[in-house]
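Notes follow once the structure below has been shown.
Number of protein chains: 2
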Amino acid sequence: MTEQVPVVEKILSANDHLASVTRKLLDDAGVFGINIMASPGAGKTSTIIELAKRLKDDLRIGVIDGDVETSIDADRTRAAGMPSVQINTGGGCHLDANMTFNGVQQMDLSAIDLLIIENVGNLICPSYFDIGTHLNILIASIPEGDDKPYKYPNMYRNVDVLLVNKTDLLPYIDFRMDYFTQGVEILNPGLMTFPYSAKTGEGMDAFVSWLKERVAAHQHG
Amino acid sequence: MTEQVPVVEKILSANDHLASVTRKLLDDAGVFGINIMASPGAGKTSTIIELAKRLKDDLRIGVIDGDVETSIDADRTRAAGMPSVQINTGGGCHLDANMTFNGVQQMDLSAIDLLIIENVGNLICPSYFDIGTHLNILIASIPEGDDKPYKYPNMYRNVDVLLVNKTDLLPYIDFRMDYFTQGVEILNPGLMTFPYSAKTGEGMDAFVSWLKERVAAHQHG
Numbered sequence: 013m014t015e016q017v018p019v020v021e022k023i024l025s026a027n028d029h030l031a032s033v034t035r036k037l038l039d040d041a042g043v044f045g046i047n048i049m050a051s052p053g054a055g056k057t058s059t060i061i062e063l064a065k066r067l068k069d070d071l072r073i074g075v076i077d078g079d080v081e082t083s084i085d086a087d088r089t090r091a092a093g094m095p096s097v098q099i100n101t102g103g104g105c106h107l108d109a110n111m112t113f114n115g116v117q118q119m120d121l122s123a124i125d126l127l128i129i130e131n132v133g134n135l136i137c138p139s140y141f142d143i144g145t146h147l148n149i150l151i152a153s154i155p156e157g158d159d160k161p162y163k164y165p166n167m168y169r170n171v172d173v174l175l176v177n178k179t180d181l182l183p184y185i186d187f188r189m190d191y192f193t194q195g196v197e198i199l200n201p202g203l204m205t206f207p208y209s210a211k212t213g214e215g216m217d218a219f220v221s222w223l224k225e226r227v228a229a230h231q232h233g
Numbered sequence: 013m014t015e016q017v018p019v020v021e022k023i024l025s026a027n028d029h030l031a032s033v034t035r036k037l038l039d040d041a042g043v044f045g046i047n048i049m050a051s052p053g054a055g056k057t058s059t060i061i062e063l064a065k066r067l068k069d070d071l072r073i074g075v076i077d078g079d080v081e082t083s084i085d086a087d088r089t090r091a092a093g094m095p096s097v098q099i100n101t102g103g104g105c106h107l108d109a110n111m112t113f114n115g116v117q118q119m120d121l122s123a124i125d126l127l128i129i130e131n132v133g134n135l136i137c138p139s140y141f142d143i144g145t146h147l148n149i150l151i152a153s154i155p156e157g158d159d160k161p162y163k164y165p166n167m168y169r170n171v172d173v174l175l176v177n178k179t180d181l182l183p184y185i186d187f188r189m190d191y192f193t194q195g196v197e198i199l200n201p202g203l204m205t206f207p208y209s210a211k212t213g214e215g216m217d218a219f220v221s222w223l224k225e226r227v228a229a230h231q232h233g
């Protein structure tokens, strides 16, 4: 066991280096990159499709979809009109910088303003890896329950923005918003949070406006 | 990379050996062990508590709760009257046989008939590890969506029983049961499946009866 720690450090250091290279590629092309993480079924792909509908007159969007197997997500985002690259991890529980570096090579960066990377559905592993984006976003979901910040603290601690999806289900679920918010605040004080429903569209405009401003600031900053 | 495969094989082989030792310990004590896996928030702990209510006159139940951090789950199962051991993986995305072997040492096996091990909330990593139980159970959840068998095939392929929780939310969610069932059938033909709601109790009796028979067959078989 004593030999394991240096190896892990080396992997993470190589990962961080490659993530910086990827971020530089995006910067040079004027592309803003976001990493979307969530549990299985929290609504990552649906949210990306709804975002695209609302951003299509302002921003050109490309998507890299990470999954263990299949191209279901990339098929959906491509069908929604976005250039899409599917990365299959072959059993791996997260994307790493090497995977997204390779994915970015397959994307025409001159044709997009915003690159959305959909990570593997998992609240643990993805939180440990910089994949070369500018913003880490977590999508929580009401039916997952209000205790998730307490149970998956590393994820909540390391994100820049929190989206809380499926607010349309609040009337049917025992979800203590106070308890949830308190957990988030302990781990990540002042975290920018947007409750919404990808299904009904309620609350999406606030996040869309905020994201447009962030992309514009990156392009002109 | 060429050196990695033998190392992984060695880890898995050591894991499988220790899992067999744990299973033998349970067998010798006449304890039936089940491994419950699911996404974050699919309702593992709630289901265990509801099972316990319905089994309390027939079986003595002990619980080992696996989580990345905190003892929230073990606190809940202990409060529900069951001897409980919390295992924290410290960032790890699944339980392994070494963890459950250690957990079993802390449980008085002569005082229980059924050991329920609640795995870490994750649809990927836990599916690769035998943790020394007799039965692998997956809890799917309606709000996760109907495409999960297709996206997490290794999990669906390797379980012995499928529970489908939160059927009370079916009226509010676009869940194509045919598409879901078809995916399950491709990966795991004839998989025993029980739809239910831990919240309303609907459908729980069928699984409870089935489980009681399995435990009885193990004790007298």
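Which chain is which? The protein sequence lines are A and B, in order. Take any residue in the first sequence, note its place counting from 1, add 12, and you have its number in my numbering. Take any residue in the second sequence, note its place counting from 1, add 12, and you have its number in my numbering. Quick reminder that beta carbons are idealized off the backbone N, C-alpha and C, glycines included. Remember, predicted model here, so these are calculated numbers, not experimental data.
Residue i, DSSP secondary structure in three states
i	result
Phe-192 of chain A	helix
Gln-118 of chain B	coil
Ser-32 of chain A	helix
Leu-38 of chain A	helix
Phe-206 of chain B	strand
Val-132 of chain A	coil
Ala-86 of chain B	helix
Asn-27 of chain B	helix
Asn-100 of chain B	strand
Residue nearest to residue i in terms of C-alpha spacing, selected from the options
i	options	result
Asp-158 of chain A	A:Ile-143, A:Val-176, A:Gly-103	A:Val-176
Asp-79 of chain A	A:Tyr-162, A:Arg-72, A:Gly-93, A:Ile-48	A:Ile-48
Leu-199 of chain B	B:Val-171, B:Lys-22, B:Pro-52, B:Leu-121	B:Val-171
Val-75 of chain B	B:Lys-56, B:Glu-81, B:Asp-69	B:Lys-56
Tyr-208 of chain A	A:Gly-103, A:Gly-195, A:Phe-141, A:Leu-182	A:Leu-182
Ile-136 of chain A	B:Pro-201, B:His-232, B:Pro-52	B:Pro-52
Tyr-162 of chain B	A:Leu-71, A:Glu-81, A:Val-33, A:Asp-120	A:Glu-81
CB contact check: residue i to chain B, cutoff 9 Å
i	result
Asp-159 of chain A	yes
Gly-133 of chain A	yes
Leu-181 of chain A	yes
Asp-186 of chain A	yes
Trp-222 of chain A	no
Thr-14 of chain A	Confidence in Thr-14 of chain A is poor, its pLDDT being 43 and thus under 50, which makes the residue's placement unreliable; the coordinate value appears in the next sentence. So, not an interface residue.
Test: residue i CB closer than 9 Å to a CB of chain A
i	result
Leu-24 of chain B	no
Val-80 of chain B	yes
Asp-172 of chain B	no
Glu-130 of chain B	no
Pro-207 of chain B	no
Glu-214 of chain B	no
Pro-52 of chain B	yes
Ile-61 of chain B	no
Glu-156 of chain B	yes
Asn-166 of chain B	yes
Ser-153 of chain B	yes
Inter-residue Cα distance where the pair is residue i and residue j
i	j	result
Ser-58 of chain B	Thr-193 of chain B	24 Å
Met-216 of chain B	Thr-112 of chain B	27 Å
Ala-50 of chain B	Leu-63 of chain B	16 Å
Gln-24 of chain A	Ala-109 of chain A	Residue identity differs from the one stated: residue 24 of chain A is Leu in this sequence, not Gln. So the alpha carbons of these two residues sit roughly 10 Å apart.
Lys-22 of chain A	Ile-99 of chain A	24 Å
Met-167 of chain B	Asp-85 of chain A	19 Å
Leu-37 of chain A	Gly-195 of chain A	36 Å
Ile-61 of chain A	Glu-130 of chain A	12 Å
Asn-27 of chain A	Met-189 of chain B	40 Å
Lys-178 of chain A	Asp-120 of chain B	42 Å
Entirely enclosed alpha helix (DSSP H) segments - the segment 41-83 of chain A, minimum 4 residues
56-67
Which ranges does the alpha helix (DSSP H) cover as unbroken runs of at least 4 residues, wholly within the segment 151-197 of chain A, from first to last along the chain?
160-163, 165-169
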